[in-house]
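In terms of my numbering, the sequence shown opens at residue 9 and continues consecutively. Just so it is clear, CB atoms sit at the ideal spot from N, CA and C, and this is done for glycine as well. Computed from a prediction, not measured in an experiment: that's the story for all the values here.
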Amino acid sequence: MDTDQIRMTFVDFYRERGHQPLPGSTLVPPPGDPVLFTTSGMHPLTPYLEGRPHPQGPRLVNVQRCLRTTDLEEVGDSRHLTVFEMMGSWSLDDYSGPQSVRWGHELLCERFGLDPALLHVTVFGGDGLVGPDTESWRVWEELGVPVEPTREDNWWSSGATGPCGPDTEVFVWTGNGPPRGTPTTDDRWVEVWNHVLMRYRRRGDGQLESLERPSVDTGMGLERLAMVLQGRESVYETDLLEPWVSTVQGLWPVGSSLRLVCDHLRSAVVVVGDGVRPSSSGRGYVLRRLLRRVLTRLWRQDRSHTLSDLPETLIEVTLQHFGQPVEGQQVDARVVRRLLMDEQDRFDRLLRRGRSVVSRYRSRGELTERDLFELHDTHGLPRDLVLGVLSESEAEHESGREQLPGQDHRQGLGPA
Ligand code: SER
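Structure (structure tokens):
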């Protein structure tokens, strides 16, 4: 199954069970929402999960693009992406958790054809405040799926306050040979789906209160399911990411940074497609940070690498996949490419300027805290960038050639 078929199968399954399909929203939440980006399928539904009746009824289904910067450092492994898609189903004060679990099992095994023997789940085992999720536990056992109880890992919340509750997570065995261990002891168990029993609201004072209208909220990672169903070892080998991998591989020999470059560039395209522009704060800064992380890797290999090599067709295909431009946005592949190049020029200028200013300071000796403050305050050179430029000068000095600094977290990610 390719990813389009997976999406359709998911939505159709829930439509057949009375769920209304909702269009996915953009990555940019509406004004007044405190988060920078939509981080999960449930996020746009928060008021309804807290009890407000939804105009389209109590059963909903959708596929929502999400962006998580909390996983940025994990990007590059086989299963984390910055922008990803979550297939979600909701029961707003309608059917219960056990029904959600039963349908989930049916969908995975009968529609998607997963071998039931390759499943393992985790459930909330209870803590001092809330008892164990015995309902889900019992149903999974009836279905013959092994269960592992945990505490923190099976408590879901989207933030410090708001709707939350115990969850049950579904894992698929991806190792060779028969399954071994449990989800918490063997990482060849890959989490694909999460069914959350939204029964509580965390108040500002940290206390839990029961929701009058409890809900069930599920979210399944499209790319991870595609990886499992397509028998791939990483999400980058699925039909969705493969065009990015083969294109980037052909353009720039970025070695072990291949996944990161693909993920960040693709994410940057989607973020721009949703109307974000690079800037020194907020969403624009996340975009800038993604691009600078890419450029740092490209230039470490060869200073002449340029984002203008990126073919417009790949940008176009990506925008189309995400239904972009969304209404009201004037974005096409040419605009995106131009914007990436402008940002590249800006970073290039900043590096050049930074290098000469920092070397003036360094000619007086080691940089002091005061120097770092002055470089930021007077010259607009953030600490991270200065430390990066500093290592670069040392690396150049040692190797006698131009190259970018070697330590990722110190490189030019500042807000200038
Ligand atoms: N809220 C859950 C998650 O993001 C399921 O939608 O994983």
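Of the heavy atoms belonging to the ligand SER, at least one sits nearer than 7 Å to the Cβ of Ser48. Burial is judged here by how many other beta carbons sit within 10 angstroms of a residue's own beta carbon; Leu395 has at least 16 and is buried.
In chain order, Ser166, Gly170, Pro171 place their CB closer than 8 Å to the CB of Thr54, counting only its own chain and leaving out the 5 sequence neighbours on each side. Boundaries for Gln72: no alpha helix (DSSP H) harbours it, while the beta strand (DSSP E) harbouring it runs 67-75, taken from the DSSP string. Taken in chain order, the whole alpha helix (DSSP H) runs of length 4 or more contained in the region 35-60 are 54-57. Here the alpha carbon of Met95 sits roughly 53 Å from the alpha carbon of Glu374. Cβ neighbours of Leu322 within its own chain (closer than 8 Å, five residues either side excluded): Pro251, Trp252, Thr255.
Apart from sequence neighbours up to five positions away, the residues of its chain that approach Gly32 with a beta-carbon distance below 7 Å are Asn70, Val71, Gln72, Arg73, ordered along the chain. Counting along the chain, the unbroken alpha helix (DSSP H) around Met349 starts and ends at 341-370. Beta-bridge partners assigned by DSSP to Asn202: Glu177, Gly227. The beta carbon of Gly173 sits closer than 7 Å to those of Trp164, Val204, Leu205, Met206, Arg207, Tyr208, all from its chain and outside the five residues before and after it, given in chain order. Rounded to whole angstroms, the separation of the alpha carbons of Met349 and Met235 is 32 Å.
In the displayed model, Glu156 falls within a strand according to three-state DSSP.
Straight-line spacing of the CA atoms in Phe18 and Thr11 works out to 11 Å. Ser218 sits exposed, since fewer than 16 C-beta atoms from the chains shown fall within 10 Å of its C-beta. The beta carbon of Asp353 sits closer than 8 Å to none of the beta carbons in its chain outside the five residues before and after it. Rounded to whole angstroms, the separation of the alpha carbons of His128 and Gly189 is 10 Å. Note on geometry: alpha-carbon atoms of Val279 and Val344 lie some 10 Å from one another. Distance from Leu151 to Val200 at the Cβ level is roughly 16 Å; contact not present, criterion being Cβ atoms closer than 8 Å. Check the Cα spacing between Arg159 and each of Trp148, Gly134, Thr142, Trp197: the tightest is with Gly134. Put simply, the backbone Cα of Glu382 is about 55 Å away from that of Pro63.
For Gly59, the closest of Thr130, Gln107, Pro124, Val224 by C-alpha to C-alpha distance is Val224. Contact annotation: Val339 and Gly281 have beta-carbon atoms nearer than 8 Å. Under the DSSP definition of a beta bridge, Gly96 partners with Asn70, Gly227. For Trp307, the enclosing alpha helix (DSSP H) begins and ends at 290-309. For Phe132, the uninterrupted beta strand (DSSP E) segment begins and ends at 127-132. Around the beta-carbon of Met16, fewer than 16 other beta-carbon atoms lie within 10 Å, marking it exposed.
Within its own chain, the residues whose Cβ lies closer than 8 Å to the Cβ of Glu82, once the five positions on either side in sequence are excluded, are His88, listed in chain order. Shortest Cα-Cα distance from Tyr369 to any of His387, Arg357, Asp213, Gly227 involves His387. Here the region 177-195 does not lie against the region 21-39, with fewer than 3 beta-carbon pairs under 8 Å apart.
For Leu303 and His329, the gap between their C-alpha atoms comes out near 25 Å.
Beta-bridge partners of Gly170 (DSSP): Arg210.
Bridge partners of Pro29 according to DSSP: Val69.
Counted as a single uninterrupted DSSP element, the stretch harbouring Ser165 is not any alpha helix (DSSP H) but the beta strand (DSSP E) occupying residues 163-165. Across the set Ala168, Thr130, Asp356, Gly239, the C-alpha of Gly239 shows the shortest separation from the C-alpha of Ser86.
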